[in-house]
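Peer 1: Sending over a structure as structure tokens; questions will come in a sec.
Numbering (our numbering), first residue to last: 24 to 194.
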């Protein structure tokens, strides 16, 4: 794979399209409940992480989260969710960028994101925001995040096998 130049027009254009796709999938085509959100923006995050370095992916996912929150607010803004978005992009980027696509990498990234960031960190943000007890948060969020872990792993594996992402990096 070729090293990505951050200031190239191609990088800016591709990153802009991916951020827009992430906003649409994360904000418009999502289901928001009080303590959970169902979305497929992780697919775009994984593609972004395959194409761009971890820090750039982290910045872009945080920016997409902020843009989505500003344009389509579904709950009150909390800075912690930007941290979670950035950590998600960084985690995917660290495990996917310029590395061979392996099932163990996809599984590890999905586990860290769904269990580490989505379950624990987002539960902390919800606890701070709404004062909900940990028992209530975990009782409702554990089944969803376990299911999300399986969905993330399967869908990302399929996307990386089906989409010709490698051809985008050879420009």
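Cβ atoms here follow ideal geometry from the backbone N, Cα and C, with glycine treated the same way.
1) Comparing C-alpha positions only, which one of 86, 40 and 142 sits nearest to residue 159?
2) Nearest to residue 94 by CA position, among 50, 129, 61 and 122, is which residue?
3) Find out if the Cβ-Cβ distance for the pair residue 133, residue 165 is shorter than 8 Å.
4) Counting only runs that start and end within the stretch 117-151, where is the alpha helix (DSSP H) found for 4 or more residues in a row?
5) Looking at C-alpha atoms only, which residue of 119, 79 and 66 is the closest neighbour of residue 34?
6) With 16 other CB atoms within 10 Å as the buried threshold, where does residue 156 fall?
7) What number of angstroms, rounded off, separates the C-alpha of residue 186 from the C-alpha of residue 66?
8) If we count the other Cβ atoms within 10 Å of its Cβ and call it buried at 16 or more, is residue 112 buried or exposed?
9) Looking at residue 176 and residue 107, is the spacing between their C-beta atoms short of 8 Å?
10) Return the first residue and the last residue of the alpha helix (DSSP H) that residue 84 is part of.
11) Please classify residue 97 as buried or exposed, where buried requires at least 16 neighbouring CB atoms within 10 angstroms.
12) What is the rounded straight-line gap between the Cα of residue 43 and the Cα of residue 104?
Peer 2: In short:
1) Among 86, 40 and 142, the Cα nearest to that of residue 159 belongs to 142.
2) 50
3) no
4) 126-134
5) Comparing Cα-Cα distances from residue 34 to each of 119, 79 and 66, the minimum goes to 79.
6) exposed
7) 11 Å
8) buried
9) The Cβ atoms of residue 107 and residue 176 lie no closer than 8 Å to each other.
10) 77-94
11) exposed
12) 18 Å
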